[in-house]
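The listed protein sequences correspond, in order, to chains A and B.
Heads up: the first sequence at position 34 corresponds to 33 in numbering that gives the first Met the number 0, and the numbers run straight through without jumps.
Heads up: the second sequence at position 33 corresponds to 32 in numbering that gives the first Met the number 0, and the numbers run straight through without jumps.
2 protein chains.
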Amino acid sequence: MLSKKTKYAIKALVVLGKNMDQPPMQISKIAETERIPKKFLEQILLDLRNAGFLYSKKGAGGGYSLNRDPKEIFLVSIMRITDGPIAMVPCASLNFYHKCDECHQESTCGIRDVFVDVRDATLKILSETSIADIIKRETTLISV
Amino acid sequence: MLSKKTKYAIKALVVLGKNMDQPPMQISKIAETERIPKKFLEQILLDLRNAGFLYSKKGAGGGYSLNRDPKEIFLVSIMRITDGPIAMVPCASLNFYHKCDECHQESTCGIRDVFVDVRDATLKILSETSIADIIKRETTLISV
DNA sequence: TATTTTTTCGAGTAATATTATAGATTATAT
DNA sequence: ATATAATCTATAATATTACTCGAAAAAATA
């Protein structure tokens, strides 16, 4: 399951992606419009900022804005920051690999073998889909 | 992440798949060979039995055996029993659908739209892969 | 029929992860 | 100076996962 943390992160990035030419937006503003607990959002935005996706400014008139083109922010990167691995088993993870507790012989593990395929299929979609795509999909869905 | 419950379920089914022509195997035997906590495995096997995948027999000489051809037991069915939904968001689930807490307008949700695609890609693999396939993959991996 | 074996059942607990909150601190603008 | 708004550290609340306990029911066999 996708954590709320990740959903909130995506939603915040979408909001900021729609706010590109405007002055930075405050946490409290984002929290209100998307109905995200403010203090929780605070942590999430900080993570995204530390990962280089957001620009932040303190003090009056401060807030957050995207540090990159929304076309260049892909779901896979966000999810790795907020949820960690994409793979469903740690032994099939590219960026967060570690042995499964239960596993005796990884090299011949049929489960791992299948979930490497699942990971690749998931990864393909998530690394092709950007914040800009999400915004585009939403407007497309409205018009349908 | 795949729960241990699901991994244990798959492992148990694989063991039983290799035991097809033998008399039923006891919980304790499966638990030992696969190093699964016995009481936990007990619950898991019961779920699989109630879902019709296993045959069980009480008393001396009793135990568990597969109720179907290992070629006809697919990962997707096992996972739905042990972990529930395949989709990463409840609103994209076929068998366990429910609204996301956070969601205001499902019909135009770009997140949902992407994760329906992810679900489909995952589903394809999991509904094509059987216990027999896992066993086959393992022997193939050994010979490589 | 008594005993042993093994699954079944209902409940409970422990460990861990997720979600959320609190309060003080630091930076910036006016 | 003062107000604004992000940052930091810690902790509380809740949910989920992993696992345990003890007794009951069913079947075999001696």
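Virtual Cβ for every residue (Gly too), placed ideally from N, Cα, C.
Listed along the chain, the chain B residues whose CB falls inside 8 Å of the CB of A/Ser106 are Leu140. Taking a C-beta cut-off of 9 Å against chain A, the contacting residues of the stretch 25-51 of chain B are Glu33, Arg34, Ile35, listed in chain order. Nearest CB-CB separation between B/Val14 and chain A: not below the 9 Å threshold. In the same chain as A/Lys4, and ignoring 5 residues on each side of it, the C-beta atoms closer than 8 Å to its own belong to Phe39, Ile43, Thr81, Asp82, in chain order.
Listed by position along chain B, the residues whose Cβ is nearer than 7 Å to that of A/Asp112 are Arg136, Leu140. Within the stretch 54-80 of chain A, the beta strand (DSSP E) runs of at least 3 residues that lie entirely inside it are, in chain order, 62-65.
Put simply, the CB of B/Tyr7 is near chain A, with a gap under 9 Å to one of its CB atoms. Nearest Cα to A/Ile130 within the set A/Ala8, A/Met0, A/Ser2: A/Ala8.
Ranked by Cα distance from A/Lys56, the options A/Thr107, A/Ile26, A/Val75 are led by A/Ile26.
Taking C-alpha positions only, B/Leu1 is separated from B/Cys108 by approximately 26 Å.
By the criterion of at least three beta-carbon pairs nearer than 8 Å, the stretch 70-79 of chain B is in contact with the stretch 117-127 of chain B. Per DSSP, the beta-bridge partners of B/Ser129 are B/Phe73. Taking 9 Å as the CB threshold, B/Lys17 stays off the interface with chain A.
Counting along the chain, A/Phe52 sits inside no alpha helix (DSSP H), nor does DSSP assign it H or E at all. For A/Lys6, the enclosing alpha helix (DSSP H) covers residues 3-16. By the neighbour-count criterion, in which 16 or more other beta carbons inside 10 Å mark a residue as buried, B/Ile141 falls on the exposed side. Between A/Lys6 and B/Ile110 a beta carbon distance of about 7 Å is seen, short of the 8 Å cut, so the two are scored as contacting. Nearest to B/Asp46 by alpha-carbon distance, out of B/Leu93, B/Ile85, B/Gly61, B/Arg79, is B/Arg79. Classified as exposed, B/Met19 has fewer than 16 neighbouring CB atoms from the shown chains inside 10 Å of its CB. If you check each beta-carbon in the stretch 76-106 of chain A against every beta-carbon of chain B, the ones closer than 7 Å belong to Met87, Val88, Glu101, Ser106. The Cβ of B/Ile72 sits no closer than 9 Å to any Cβ of chain A. Counting along the chain, the unbroken alpha helix (DSSP H) around A/Ile29 starts and ends at 26-33. In this structure, DSSP gives A/Gly83 a state outside helix and strand, which the three-state scheme calls coil. Each residue's CA atom was taken as its position, placing A/Tyr63 and A/Pro89 some 33 Å apart. Residues of chain A with a Cβ closer than 8 Å to the Cβ of B/Ala11 do not exist; the shortest Cβ-Cβ separation is about 12 Å. Using a CB distance cut-off of 9 Å, A/Gly109 counts as an interface residue toward chain B. Between the alpha carbons of A/Asp116 and B/Pro23 lies a distance of about 33 Å. Listed along the chain, the chain A residues whose CB falls inside 8 Å of the CB of B/Ala131 amount to none; the nearest CB is some 10 Å away.
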